[in-house]
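One structure below.
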């Protein structure tokens, strides 16, 4: 019996290995089950969008512009028309761009290609400049000095030769040990003079969230989070006066930073005189409206439900878009509410499509690429016109 069973194993293995191996190759090597993702960039004026298409004859990839209203295609768009939305490293007038040269930051003049070092790292420190941002007048650049010198190194084996593996070392802060030192600075593009913002740095360290110009060339918005993430604060720093004003502050013994990624930071509205922030201060993840001085004006999304993700602000029509699913936490739909806090939430996503909905908004918030999917339905993307 034992001998017969031993001889029977190879043939049994062949029976299942052939189809299984073919299935594995189809999934992981040929990518037959991989979804075809629609990837496009909106033009800055919202008149159309740019996609990359492959020429079936030449095999080359080219940029094509589609008109959002007519759907007409231009295979060779004009350079100005085909310009996607501006990157944060490019000045508002489009003349200069910021680039990394090693760990240093250089300013590059777009038309001439001339470069000049703006920020130079200390060779004796393990530091990096991050969160670069141009002031609206193009005269100054805000940045974060991220210094990991005092963070311990951790050795990690690289999975190369199992007999003689290589070793990499990375900075890694364990609980209770030193974390990266953070400083926010503003550098003058002409003189290269650096002004460090007077932000309090506790001994245990802290984290930074949103760091950017606050709608003008004089004030910088800085979001700080405590080492233990039980405190979150938004500060307005006046560069010329050297003053710091707190416009939002919340604490939570468990976890004050209840919203990550899309929901972090704040959104300016009313020409910078007010802002929207996502917070769990009332027990639910809601959107709150504050004025620039830090006074709460309204709860935009009252009710017993959480915001899943922040969407977009349509100030022309007075709406705030966001994702939620009040009745089923396994799904995600798009809604909007009035920006003044007076009104109920209105669904945008089709109610006969239970599942997950995502939208990529045009800059003017009149159009969006809508992607719908479920657990057993591949993503499908269509172009939709938003309410007006």
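In the working numbering, the protein residues as written are 124 to 511. Don't be surprised by glycine CBs; every beta carbon is placed ideally from N, CA and C.
Handout entry: In DSSP terms, what residue 414 is bridged to
Key = Translated into the one-based positions of the chain shown, residue 414 becomes position 291. Listed as beta-bridge partners of residue 414 by DSSP are 397.
Practice task
For the segment 238-270, list the beta strand (DSSP E) runs that are entirely contained and at least 3 residues long, ordered along the chain.
Solution key: Fully enclosed beta strand (DSSP E) runs of 3 or longer: 238-242, 250-257, 263-270.
Problem - Alpha-carbon to alpha-carbon, residue 458 and residue 430 - result: Against the chain shown, residue 430 aligns to sequence position 307. Against the chain shown, residue 458 aligns to sequence position 335. When the Cα atoms are used, residue 430 and residue 458 turn out to be separated by approximately 10 Å.
Exercise for the section: Please specify which runs of the beta strand (DSSP E), each continuous and at least 3 residues long, are wholly inside the segment 325-408, giving them in chain order. Expected result: Taken in chain order, the unbroken stretches of beta strand (DSSP E) that lie wholly in the segment 325-408 and span 3 residues or more are 329-336, 342-349, 354-361, 366-374, 389-392, 397-402.
Handout entry: Three-pair Cβ contact test at 8 Å for the segment 289-298 versus the segment 251-268
Key = As far as the Cβ criterion goes, the segment 289-298 does not touch the segment 251-268, which means the pair count is below three.
Practice task
Consult DSSP for residue 289 and reduce its assignment to one of helix, strand or coil.
Solution key: For the purposes of this step, residue 289 is taken as the residue at position 166 of the chain shown. Here residue 289 sits in strand by DSSP.
Exercise for the section: Take every Cβ of the segment 141-149, pair it with every Cβ of the segment 463-473, and state whether three or more of those distances are shorter than 8 Å. Expected result: Three or more Cβ pairs closer than 8 Å define a contact, and the segment 141-149 falls short of that threshold against the segment 463-473.
Practice task
With a threshold of 16 other CB atoms inside 10 Å of the CB of residue 290, please say whether the residue is buried or exposed.
Solution key: Counted from its first residue, the chain shown places residue 290 at position 167. Result: exposed.
Problem - Distance between residue 327 and residue 205 (C-alpha atoms, nearest Å) - result: Indexing the chain shown from 1 puts residue 205 at position 82. Indexing the chain shown from 1 puts residue 327 at position 204. In this prediction, residue 205 scores a pLDDT of 46, lower than 50, which makes its location untrustworthy; the coordinate-derived value is nonetheless stated afterwards. When rounded, the distance between both Cα atoms is 48 Å.
Practice task
Would you mind giving the Cβ-Cβ distance between residue 341 and residue 362, rounded to the nearest angstrom? I have them listed as a contact below 8 Å.
Solution key: Here residue 341 is taken as the residue at index 218 of the chain shown, counted from 1. Here residue 362 is taken as the residue at index 239 of the chain shown, counted from 1. By a beta-carbon distance limit of 8 Å, residue 341 contacts residue 362. Their separation comes to about 6 Å.
Handout entry: Exposure label - residue 222; buried when at least 16 CB within 10 Å
Key = Within the chain shown, residue 222 is the residue found at index 99, counting from 1. So residue 222 counts as exposed.
Problem - Span of the beta strand (DSSP E), counted from its first residue to its last, around residue 278 - result: For the purposes of this step, residue 278 is taken as residue 155 along the chain shown, with counting starting at 1. Following the DSSP letters along the chain, one finds residue 278 inside the beta strand (DSSP E) bounded by residues 276-281.
Problem - Presumed contact (8 Å Cβ cut-off) between residue 322 and residue 367, rounded CB distance - result: Residue mapping note: residue 322 aligns to position 199 of the chain shown, counting from 1. Residue mapping note: residue 367 aligns to position 244 of the chain shown, counting from 1. Rounded, the Cβ-Cβ distance is 7 Å, consistent with contact.
Practice task
Could you spell out where the beta strand (DSSP E) holding residue 164 opens and where it closes?
Solution key: Here residue 164 refers to the residue found at position 41 when the chain shown is read from its first residue. Its beta strand (DSSP E) spans residues 163-165.
Problem - Distance, residue 230 Cα to residue 241 Cα - result: Residue numbering aside, residue 241 sits at position 118 when the chain shown is read from its first letter. Residue numbering aside, residue 230 sits at position 107 when the chain shown is read from its first letter. The C-alpha of residue 241 lies about 6 Å from the C-alpha of residue 230.
Handout entry: Exposure of residue 150, with buried meaning 16 or more beta-carbon neighbours within 10 Å
Key = As a working mapping, residue 150 is identified with position 27 in the chain shown. With a 10 Å radius around the Cβ and a threshold of 16 neighbouring Cβ atoms, residue 150 comes out exposed.
Problem - CA-to-CA distance, residue 415 to residue 533, given in whole angstroms - result: Outside the displayed range of the chain (124 to 511) lies residue 533, so it cannot be described from this structure.
Handout entry: Per-residue burial, residue 217 [other beta carbons within 10 Å of its own, 16 or more giving buried]
Key = On the chain shown, position 94 is the one that residue 217 refers to. In the assembly as shown, residue 217 is an exposed residue. Its beta-carbon has fewer than 16 other beta-carbons within 10 Å.
Problem - Presumed contact (8 Å Cβ cut-off) between residue 220 and residue 228, rounded CB distance - result: By one-based count along the chain shown, residue 220 stands at place 97. By one-based count along the chain shown, residue 228 stands at place 105. Not confirmed; about 11 Å, so no contact.
Handout entry: Chain-order list of residues whose beta-carbon lies under 7 Å from that of residue 412 (same chain, five-residue window excluded)
Key = Within the chain shown, the letter at position 289 stands for residue 412. Apart from the 5 residues on each side of it in sequence, residue 412 sits with its Cβ closer than 7 Å to the Cβ of 397, 399, 420, 421, 423, 464 in its chain, given in chain order.
Exercise for the section: Measure the alpha-carbon distance for residue 156 versus residue 500 and round it to whole angstroms. Expected result: For the purposes of this step, residue 156 is taken as the residue at position 33 of the chain shown. For the purposes of this step, residue 500 is taken as the residue at position 377 of the chain shown. Each residue's Cα considered, the two are about 12 Å apart.
Practice task
Return the residue from the list 453, 470, 443 that minimises the CA-CA distance to residue 488.
Solution key: Taking the first residue of the chain shown as position 1, residue 488 is located at position 365. Closest in alpha carbon position to residue 488, among 453, 470, 443, is 443.
Handout entry: residue 188 versus residue 485 - alpha carbon distance
Key = Position 65 of the chain shown, counted from the first residue, corresponds to residue 188. Position 362 of the chain shown, counted from the first residue, corresponds to residue 485. Whole-angstrom Cα-Cα distance: 14 Å.
Problem - residue 514 classed as buried or exposed, judged by whether at least 16 other C-beta atoms fall within 10 angstroms - result: Because residue 514 is not part of the residues shown, which for the chain are 124 to 511, the question remains open.
Exercise for the section: Please report how far the alpha carbon of residue 503 lies from the alpha carbon of residue 479, in whole angstroms. Expected result: What you label residue 503 is simply residue 380 of the chain shown in a count that begins at 1. What you label residue 479 is simply residue 356 of the chain shown in a count that begins at 1. Residue 479 has its alpha-carbon roughly 11 Å from the corresponding atom of residue 503.
Exercise for the section: Measure how close the beta-carbons of residue 307 and residue 320 come, nearest whole angstrom, since I'm counting them as under 8 Å. Expected result: Sequence index remark: in the chain shown, residue 307 carries index 184 (1-based). Sequence index remark: in the chain shown, residue 320 carries index 197 (1-based). Between residue 320 and residue 307 the Cβ distance is about 4 Å, and since that is below 8 Å, they are a contact.
Exercise for the section: Using three-state DSSP, classify residue 145 as helix, strand or coil. Expected result: In the chain shown, the residue the question calls residue 145 occupies position 22. Annotated three-state conformation of residue 145 is helix, per DSSP.
Exercise for the section: Check whether the Cβ atoms of residue 355 and residue 379 lie closer than 8 Å to each other. Expected result: Counting from one through the chain shown, the residue named residue 355 turns up at place 232. Counting from one through the chain shown, the residue named residue 379 turns up at place 256. Yes, the Cβ-Cβ distance between residue 355 and residue 379 is below 8 Å.
Practice task
For residue 332, collect the residues of the same chain with a Cβ closer than 7 Å to its Cβ; drop the 5 residues on either side in sequence, then sort them by chain order.
Solution key: As a first step, residue 332 is located in the chain shown; it is residue number 209 there, counting from the start. Here the set comprises 346, 348, 387, 388.
Exercise for the section: State the Cα-Cα distance for the pair residue 251 and residue 304, rounded to the nearest angstrom. Expected result: Residue mapping note: residue 251 aligns to position 128 of the chain shown, counting from 1. Residue mapping note: residue 304 aligns to position 181 of the chain shown, counting from 1. Approximately 11 Å, taken between the alpha carbons.
Handout entry: Alpha-carbon spacing of residue 407 relative to residue 236, whole angstroms
Key = If you number the chain shown from 1, residue 407 lands on position 284. If you number the chain shown from 1, residue 236 lands on position 113. The straight-line gap from Cα to Cα measures roughly 51 Å.
Exercise for the section: At 3 residues or longer, and completely inside the segment 162-193: list those beta strand (DSSP E) runs for me, N to C. Expected result: Taking 3 residues as the minimum length, the beta strand (DSSP E) runs contained wholly in the segment 162-193 are 163-165, 171-177, 184-190, in order along the chain.
Practice task
On a CA-only basis, which of 184, 350, 497, 185 is nearest residue 298? Give me that one, please.
Solution key: Counted from its first residue, the chain shown places residue 298 at position 175. The shortest C-alpha separation from residue 298 is found at 350.
Handout entry: Limits of the beta strand (DSSP E) - the one that residue 461 falls within
Key = Counting from 1 along the chain shown, the entry for residue 461 is found at position 338. Per DSSP, residue 461 belongs to the beta strand (DSSP E) from 456-461.
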